[in-house]
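Written out below as structure tokens is the structure these notes cover.
Protein chains in written order, with my numbering: chain A, -2 to 409; chain B, -2 to 409.
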């Protein structure tokens, strides 16, 4: 038996998206409709009713973990997702290249994304290796555009500190401070964050890459902002719990990182970008091939959420239509449906008019030989509300692996 | 955006209520049916499937709190609801004026409600101010009929004590005792409860009000019984969590108290009684006016539950019809439906033949611009079971505020 979990990020919508329909309802999705007809649909609250999920917490919950118990923050998944070797006790961060200016009394934020810098990040990252922190090992890596991740390793560090990203253009950069006064481990880490801010500005502000950016009228990437401080969570791996081996296929570092933290292998393929420009056909073929070597595959598709955050209903609808055609087309052809179960859902709702995550449940589809098929024959939020899976919270991966008779018994 | 949450206490019913229908199903409710047609319906387990809720725990759960974590007992909500200033560490009680007689070996209960005393309670309460307790400040207030609330303030008090209400006519009054043997704080409070029982009998038994009651053939209100010992729970306010300001409109002290404990302001209006005789039109107008000053309003309607406890199916059905006409009539006219979300539900089922709370889920209705409308066009238990919200537990207020894009994100 094989299993495939597909999550389209932020897939859920609201009636305000397009003429009283959600983007998914408005999209033409013949393949998904066929799968809905063969299988069963329902609504899933990614974490729970009324809980507005982040992408990290939603994924943990959909993969079968209780985020209220295991979630430590986002940074650790970003570090894992860009290939860093994270040990228990390391403090991990999401990092942004940003633009600041020096004014009396400190640094003022001009651009949180340094003009969405698209080249030269690795050279800037190389310059940062000169930063020395007393008693703490420091590793920074650039990832896509302005994004990066940072890892601190040392004795008795704590992630209980405040971030130094003011999230608001024109605001002064705050110092990072320990959340619990008097805690030595968080005092060390807060001091390191503040040292990194000052040192990164000193090293980057006049860097040749930034001089060139200024000449071109672009914002310089002259500081590293840090947030999402977190340590490696204690997650029993899917292998430990279910006894099966899985792989994650995701363009976004966060999602690869979550998969890796759950014990999956990360697979790469050219053309997988984590954006609207991703090659969905490559993603499908990579998944189909991976099922020769793995028991299950988790495929993450990010573009739906990007279009939602961009408040672009047409882009979201068209991307859903591309998922149907370019991803599910090959999937329908390429899988052995006699011995495969598939689950498809989103990790939250991202309505167009709001442009951010909301708490409404998302539709979910299970298909395969052991699924009790229902009467739904199309895939959308309101049709799924009438489906045979009814409404439940999280745990999509455990439900999927259970159809393959891989779930551990609780009790006897 | 604005939001309004309406809870009709004990609204749910059973087929045994009226000719195979619940009181709600049997009631003519054209306004609710119209709202159901515009919005979406479903079933909510106030706390969880199979859990038979109290009114206090159900309300905490519907307002988004986990009653298993935060609930300390009912007394504190009664004290808050009648306007007492409750501090952390105070021990609060629901109090009853009751009738006892002195017999060999103690006091025997004759009437738990002192003939549902309807006048003179404030004078009796004034007589109790003579009670002196060593090291403990004592405050008692009468509320409606036989009801009142009592607050004890002192160092290191504990609410872990047994009540002294035997709940059974003819039974001897038990002494209050600490639940945990050897605990000094609860020993103090149990002793205070016993002192108050003895002292209240001494002060009230021959009080002129009671002499007059005896002459009139009525039971004297000659003792204070205490139950629901509890301390102020640690509830993050709705303001803290969602950043918005709300008000509670409720005739019953308990419901005002729950709203106050969650950080709402309590609004009053003449004619709001917390009973079947309440002025539902005033309630609607008070809510509509309040939405000019507040982000959201929570309206509690008690009469449905009263009729259920009285096992009066006709009264319950007719009161539901009055809610539809006298409350929802003005609400449908008076709200700006382009920018308002409304939720309507009950806090539990109170079937007529049982006359007390049961665990079945209750119907719920959400309506407003961001609600994914469904195909239901009437409002009742069995129709709601086919609605687009399916079935879920608690969290009605978080779901409502999420529709207004006010929910905090968990994770990132």
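Positions of the beta carbon are idealized from the N, C-alpha and C atoms, including for glycine. Nothing here was measured: the structure is a model prediction, and the numbers come from that model.
Drop a sphere of 10 angstroms on the beta-carbon of residue 224 of chain A, count the other beta-carbons inside from all chains shown, and report buried for 16 or more, exposed for fewer.
buried
Using CA coordinates, which residue listed in A/174, A/237, A/81, A/292 is at the minimum distance from residue 160 of chain A?
A/174
Could you tell me if residue 374 of chain B is buried or exposed, where buried requires 16 or more neighbouring beta carbons within 10 angstroms of its beta carbon?
exposed
Is it buried or exposed for residue 73 of chain B, if we count other Cβ within 10 angstroms and need 16 for buried?
buried
Mind listing the chain B neighbours of residue 301 of chain A? Cutoff is C-beta to C-beta under 7 angstroms, in chain order.
Ordered by position in chain B, no residue passes the 7 angstroms Cβ test against residue 301 of chain A, which lies about 17 angstroms from the chain.
So, under 8 angstroms CB-CB, residue 162 of chain A and residue 211 of chain A are touching, yes? Tell me the CB distance rounded to an integer number of Å.
22 angstroms between Cβ atoms; not a contact.
Closer than 9 angstroms, Cβ to Cβ, to anything on chain B: give me those residues from the region 353 to 383 of chain A, in chain order.
353, 354, 355, 356, 357, 358, 378, 379, 382, 383
Tell me the residue span of the alpha helix (DSSP H) that contains residue 338 of chain A.
Segment 337 to 342 is the beta strand (DSSP E) holding residue 338 of chain A; no alpha helix (DSSP H) there.
Ignore the nearest five residues each way along the sequence and tell me which others in residue 294 of chain B's own chain have a CB closer than 7 angstroms to its CB.
1, 243, 244, 246, 284, 287, 288
Pull out every residue of the region 9 to 30 of chain A whose Cβ sits closer than 8 angstroms to any Cβ of chain B, in chain order.
11, 12, 13, 19
Under 8 angstroms (Cβ pairs) to chain B, residues found in the region 43 to 54 of chain A
44, 45, 46, 47, 48, 49, 50, 51, 52, 53, 54
Start-to-end residues for the beta strand (DSSP E) that takes in residue 191 of chain B:
Careful: residue 191 of chain B lies outside any beta strand (DSSP E), inside the alpha helix (DSSP H) at 181 to 201.
Starting from residue 379 of chain B and walking both ways along the beta strand (DSSP E), at which residues does that stretch end?
It is not in any beta strand (DSSP E) - residue 379 of chain B instead sits in the alpha helix (DSSP H) that spans 378 to 381.
Residues of its chain near residue 233 of chain A, where Cβ-Cβ distance is below 8 angstroms and the 5 sequence neighbours each way are ignored
none
Going along the chain, which unbroken runs of the alpha helix (DSSP H) with 4 or more residues stay wholly within the region 45 to 113 of chain B?
52 to 59, 64 to 67, 72 to 78
Does chain B have any CB closer than 9 angstroms to the CB of residue 253 of chain A?
no
Between B/376, B/389, B/378, B/377, which lies nearest to residue 382 of chain A when the distance is taken from Cα to Cα?
B/389
Please give me, in chain order, every unbroken run of the beta strand (DSSP E) with length at least 3 that falls completely inside the region 118 to 156 of chain B.
134 to 139, 144 to 150
Among residues of its own chain, excluding the 5 on either side of residue 157 of chain B, which ones have a beta-carbon nearer than 6 angstroms to its beta-carbon?
176, 177, 183
Residues of chain B with a CB under 9 angstroms from the CB of residue 225 of chain A: which are they?
409
Any residues in the region 215 to 242 of chain A with a beta carbon nearer than 7 angstroms to a beta carbon of chain B? Which ones, in chain order?
225
From residue 186 of chain B to residue 400 of chain A, what distance separates their C-alpha atoms?
56 angstroms
Relative to the C-alpha of residue 387 of chain A, which candidate in A/65, A/132, A/114, A/362 has its C-alpha closest?
A/362
Within its chain, find whatever has a CB closer than 8 angstroms to the CB of residue 164 of chain A; leave out the 5 residues flanking it on each side and keep chain order.
109
Could you work out which residue in A/397, A/346, A/136 is closest to residue 364 of chain A when comparing CA atoms only?
A/397
What residue does the beta strand (DSSP E) around residue 418 of chain B start on, and which one ends it?
Beyond the ends of chain B as shown, which are -2 and 409, falls residue 418 of chain B; an answer cannot be given.
DSSP state of residue 258 of chain B mapped onto helix, strand, coil
helix
Alpha carbon of residue 63 of chain A to alpha carbon of residue 101 of chain A, nearest angstrom
46 angstroms
Please find out if some non-hydrogen atom of the ligand GDP comes closer than 8 angstroms to the beta-carbon of residue 341 of chain A.
Questions concerning the ligand GDP fall outside what the structure shown contains, since it holds no ligand whatsoever.
Close beta carbons around residue 369 of chain B, own chain, < 7 angstroms, minus the five adjacent residues each side:
37, 385
What did DSSP end up calling residue 244 of chain B once you bin it into helix, strand or coil?
strand
Is it buried or exposed, residue 290 of chain B, if we count other Cβ atoms within 10 angstroms and call 16 or more buried?
exposed
Residue 92 of chain A vs residue 137 of chain A beta-carbon contact at 9 angstroms
yes
Got a sec? Which residues, its chain only, sit under 7 angstroms from residue 356 of chain A by beta carbon, not counting five neighbours each side?
47, 48, 49
Per-residue burial, residue 231 of chain A [other beta carbons within 10 Å of its own, 16 or more giving buried]:
exposed
Taking the alpha carbon of residue 56 of chain B as the reference point, which residue from B/252, B/120, B/257 has its own alpha carbon closest?
B/252
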